[in-house]
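Below is one structure, written out as C-alpha cells, with a few remarks after it.
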Amino acid sequence: MIEETLKPYRGTNLRKNGNETLRLSIDSKLLENIFLVNGTSFFTEKLNKANLTIKPKDYYMIINKWDKDLKVKYSNDTVNHKIIYEPYKFELSNKINFNPVWFSEKYNVPRGYINTLNKWYSIKFTYPDYNLIYVKPEIGISIQIHQFRDEYWKILEGNPIVINRNKVYYYVEKGAEFLSPKMTYHSVLNPNKNPEQFVIIEERWSGKFDEEDITRVFNPNNYP
Numbered sequence: 081m082i083e084e085t086l087k088p089y090r091g092t093n094l095r096k097n098g099n100e101t102l103r104l105s106i107d108s109k110l111l112e113n114i115f116l117v118n119g120t121s122f123f124t125e126k127l128n129k130a131n132l133t134i135k136p137k138d139y140y141m142i143i144n145k146w147d148k149d150l151k152v153k154y155s156n157d158t159v160n161h162k163i164i165y166e167p168y169k170f171e172l173s174n175k176i177n178f179n180p181v182w183f184s185e186k187y188n189v190p191r192g193y194i195n196t197l198n199k200w201y202s203i204k205f206t207y208p209d210y211n212l213i214y215v216k217p218e219i220g221i222s223i224q225i226h227q228f229r230d231e232y233w234k235i236l237e238g239n240p241i242v243i244n245r246n247k248v249y250y251y252v253e254k255g256a257e258f259l260s261p262k263m264t265y266h267s268v269l270n271p272n273k274n275p276e277q278f279v280i281i282e283e284r285w286s287g288k289f290d291e292e293d294i295t296r297v298f299n300p301n302n303y304p
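Numbering (this note's numbering), first residue to last: 81 to 304.
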C-alpha cells in the first residue's frame, strides 16, 4: 500500500480516482479526527470504514483536523490521479491584495458598491443588500461556519466546486443557488486554470451579519 502522512490541520489535494476502486486505510480510532470528501459526500463526523472506499472516477480528499500527524494508506498508487485542487499551491508565493479600483475597472464590477474586502485570494464588493465575491482561479476559500447568520449563494460565473453542508457539488453551472444555514459547513473552490476565470458569487444573508462571525475549520493558506 502507498502511505501518506498528513501534518496537523493539513489536507491532501482534491483528486479524481482512476478506473479502479480505491480503498483508504486509516486507524479506526482516528476517524473522528478527519474530514473526508468522497464523491458527492462531505463527511465531518460518524465516519466508518465503509466511507473509506472511493469508487472509480470519483473525487476524494482527506483533511487532518487534529494536532498530530495522521497516516493514510492507499490501496492503489495515486500518482496518476488527476489533481483538481491543490490547497497549498500558493503557500510560498508572494501575496498581494487586490486593488479594488483596478479590479472593478478591469472586471467590470457593477457600480454602486459601498464597501470592499480585498484579499490576495478573493475580493468582496458590498452593496446595500448583497455582496459580490470574486474568487481567484485555483483557490479554495476556507471551509467555514457562521454562528449568527444564514447565507444564500447564487453562482454567477466560473463553474466552481461548492461544499454545502454534507454535500459537494462539482463544476456548478451559472444560476445555481445554495443555502448554508448557520453552524453548517460551506466553502467554494475555483478549479479554473485560466488566470482570468474568477468564480463570482452573489451572497445574501439573514440574521446578524458580522465579518468577525466566522470559524474556519480548514484554512490551508492561513487566510486572515
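Beta carbons are placed, not taken as given, at the ideal position from N, Cα and C, and that holds for glycine.
Judged by DSSP in its simplified three-state form, GLU171 adopts coil rather than helix or strand. No Cβ-Cβ contact shorter than 8 Å links LYS262 with PHE298. For PRO271 and GLU218, the gap between their C-alpha atoms comes out near 5 Å. Here GLY287 has PHE228, ARG229, ASP230 and LYS262 as same chain residues with Cβ atoms under 7 Å from its own Cβ, once five neighbours each way along the sequence are excluded. THR120 is the residue among THR120, LEU197, ASN93 and ASN195 whose C-alpha sits nearest the C-alpha of ASN246. One Cα belongs to ASP107, the other to PRO300, and the distance between them is close to 23 Å. In this model, ILE221 and MET81 are separated by some 32 Å (Cα to Cα).
The C-alpha of VAL242 is placed about 6 Å away from the C-alpha of SER267. The Cβ neighbour count for GLY238, taken over all protein chains shown within 10 Å, is at least 16; the residue is labelled buried. A check of alpha carbon separations from LEU197 across ASN177, TRP182 and ASN188 identifies ASN177 as the nearest. In the three-state reduction of the DSSP assignment, GLU282 falls in the strand class.
Contact annotation: TYR265 and PHE122 have beta-carbon atoms nearer than 8 Å. A check of alpha carbon separations from LEU236 across GLU276, GLU283, TYR201 and LEU172 identifies GLU283 as the nearest. Minimum Cα-Cα distance from TYR168 among the listed residues TYR251, GLY91 and TYR249 corresponds to GLY91. Following the DSSP letters along the chain, one finds PHE178 in no beta strand (DSSP E), marked with neither H nor E. Separation of the CB atoms of TRP146 and PRO88 is rounded to 7 Å, and the pair is thereby assigned contact status at 8 Å. Taking C-beta atoms under 8 Å as the contact rule, ASP138 and ASN99 fail to qualify, at a distance of about 11 Å. No Cβ-Cβ contact shorter than 8 Å links ILE143 with ARG95.
Scanning the region 145 to 232 from its first residue to its last, the whole beta strand (DSSP E) runs of 3-plus residues come out as 150 to 154, 162 to 165, 195 to 198, 202 to 206, 211 to 215 and 223 to 225. In this structure, THR295 sits near ILE225, with a CB-CB distance shorter than 8 Å.
Residue pairing by DSSP places TYR89 in no beta bridge whatsoever. Across the set LYS175, LEU132, VAL117 and GLU125, the C-alpha of VAL117 shows the shortest separation from the C-alpha of TYR165.
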